[in-house]
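For the sequence shown, the residue numbers in the numbering used here are 6 to 284. Report on one structure; see the data block that follows.
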Amino acid sequence: MELSQREEKVLEEIRLWQDSLYDYEANDLENTYVKWLDGAFSTLPVDVQERFFQKLDGWLFHLHSLLQGSQLQNDARERILKTARAFNQEVETIQDLHFLTIDQLHYIAMQHSGRHQFYSFVQGGLTGTGGAAAIGADLPAMAVINLRSVQLIAISYGFDVQTPFEMMTSLKVFHAATLPARLRAAAWEELMEDLERKENDYFYNGTEKLTDYTWLEGPLKHMLKGTVITTFRKKRLSGIPLISMAVGAGVNYQYTRKLNDFAEKYYQYRYLSRKRSDG
């Protein structure tokens with residue numbers, strides 16, 4: 006099917022965004038940090054690393070399953086369908102969302118991604134209060150918020166993450182979007198290769214390995230955020246640690262905003278590619 010002028014424009018925006026992934030150049034501080042991380046992990050035995058990342062992958066799989074089986078997620082799916090029916094009364098299933106236009110789907114996705122950016126903002130503010138429990142809960146809370154956001158963006162574009170292929174793909178999109186900026190171009194290429202290898206819309210045929218030590222840069226940076234928050238939490242205005250709360254809220258908000266942008270670009274590309282191939 007031939008794409009409309011508006012759809013061609015969105016596709017061109019995705020291409021320009023993709024080019025920006027390849028244009029990224031790490032600064033000297035980041036290069037120094039990478040060398041330190043490489044050196045730190047090179048001292049660990051390979052089998053220890055493999056066991057650790059297998060458990061981390063298993064935790065992400067379990068988290069995905071818990072989110073998908075929750076009533077909260079079922080309610081969100083129903084809200085997406087109800088919103089879609091306001092545009093097209095023939096929408097009955099998640100797959101029927103492909104009948105909507107790219108702008109209608111973007112509107113639906115923005116409702117959920119914007120809500121999760123707000124959740125991240127609030128979570129960061131709570132972490133900024135500087136309590137040990139709040140700082141300790143920040144990383145798992147952000148994993149839940151951001152993985153759920155990716156899932157709902159996928160559903161908003163008509164890709165049901167309850168199928169094996171879309172489940173694994175949403176996890177890979179989450180993984181790619183949370184990688185350091187210098188590695189996102191390679192992760193995007195891997196997502197494209199998965200689409201080329203795809204034999205059907207149900208089963209996943211690629212590698213199921215997700216994390217390695219490079220992915221840990223994100224969590225380690227969040228730990229650094231905790232250090233900054235701890236440093237500034239005693240600087241209070243009217244008894245409130247506004248500086249540390251602003252740091253926590255700002256960092257978390259930007260983190261989720263960039264993740265949502267990556268995820269939406271991917272699922273927009275999927276939607277447009279499918280529409281073009283249907284012709």
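Backbone N, C-alpha and C define an ideal beta-carbon position, used for all residues, glycine too.
Asked: Report the CB separation of Ser-249 from Gly-135 in whole angstroms; it is logged as a contact under 8 Å.; Found: 6 Å
Asked: If Tyr-218 sits next to Phe-92, beta carbons under 8 Å apart, how far is it from one beta carbon to the other, in whole angstroms?; Found: Between Phe-92 and Tyr-218 the Cβ distance is about 44 Å, and since that is not below 8 Å, they are no contact.
Asked: Pull up the DSSP beta-bridge partners for Ile-245, would you.; Found: Leu-242
Asked: In terms of residue numbering, what span does the alpha helix (DSSP H) encompassing Glu-13 cover?; Found: 10-28
Asked: Put Asn-265 into one of helix, strand or coil per three-state DSSP.; Found: helix
Asked: Which ranges would you report for the beta strand (DSSP E) in the segment 124-208 if only whole runs of at least 3 residues count?; Found: none
Asked: Mind checking if Phe-237 is an interface residue toward chain D, Cβ cutoff 7 Å exclusive?; Found: Included in the structure is just one protein chain, with no chain D present.
Asked: Keeping to the same chain, check which residues put their C-beta closer than 8 Å to that of Leu-196; ignore five residues upstream and five downstream.; Found: Thr-174, Lys-177, Val-178, Ala-181 and Tyr-271
Asked: Thinking C-alpha only, which one of Ile-99, Phe-237 and Met-228 is nearest Ala-159?; Found: Ile-99
Asked: Do you know whose CA, among Thr-216, Tyr-258 and Arg-275, lies nearest Glu-198's CA?; Found: Arg-275
Asked: Hey, quick one: how far does the alpha helix (DSSP H) through Ile-85 stretch, first residue to last?; Found: 76-92
Asked: In whole angstroms, give me the CA-to-CA distance for Val-155 and Arg-281.; Found: 24 Å
Asked: Please return the same chain residues whose Cβ sits closer than 7 Å to the Cβ of Ala-254, not counting the five positions on each side in sequence.; Found: Phe-126, Gly-129, Gly-130 and Gly-133
Asked: Take every Cβ of the segment 230-240, pair it with every Cβ of the segment 102-111, and state whether three or more of those distances are shorter than 8 Å.; Found: no
Asked: Closer than 8 Å is the cut-off here; do at least three beta carbon pairs connect the segment 114-122 with the segment 251-269?; Found: yes
Asked: Over the uninterrupted alpha helix (DSSP H) stretch that includes Lys-40, give me the two end residues.; Found: 33-47
Asked: Which class does Asp-101 belong to by DSSP, given the choice of helix, strand or coil?; Found: helix
Asked: Taking the alpha helix (DSSP H) that Lys-230 falls in, what are its first and last residues?; Found: 222-237
Asked: Are Phe-208 and Pro-246 close, meaning C-beta to C-beta below 7 Å?; Found: no
Asked: What is the rounded straight-line gap between the Cα of Leu-16 and the Cα of Asp-28?; Found: 19 Å
Asked: Are the beta-carbon atoms of Leu-264 and Asn-151 separated by less than 7 Å?; Found: yes
Asked: Quick check on the burial criterion: 16 or more other C-beta atoms within 10 angstroms. Buried or exposed for Pro-185?; Found: buried
Asked: Under a Cβ-count criterion, where at least 16 other Cβ atoms within 10 Å of its own Cβ denotes burial, should Arg-153 be classed as buried or exposed?; Found: buried
Asked: From Arg-20 to Arg-262, what does the alpha carbon distance come to, in whole angstroms?; Found: 19 Å
Asked: Less than 7 Å separating the beta-carbons of Arg-202 and Ala-31?; Found: no
Asked: Alpha carbon to alpha carbon, how far is Gln-23 from Ala-190? Give it in angstroms, no decimals.; Found: 7 Å
Asked: Enumerate in chain order the residues of its own chain whose CB-to-CB distance from Gly-211 is below 7 Å, with the five nearest sequence positions on each side excluded.; Found: Asp-199 and Arg-202
Asked: Quick check on Gln-10: buried or exposed, where buried means 16 or more other Cβ atoms within 10 Å of its Cβ?; Found: exposed
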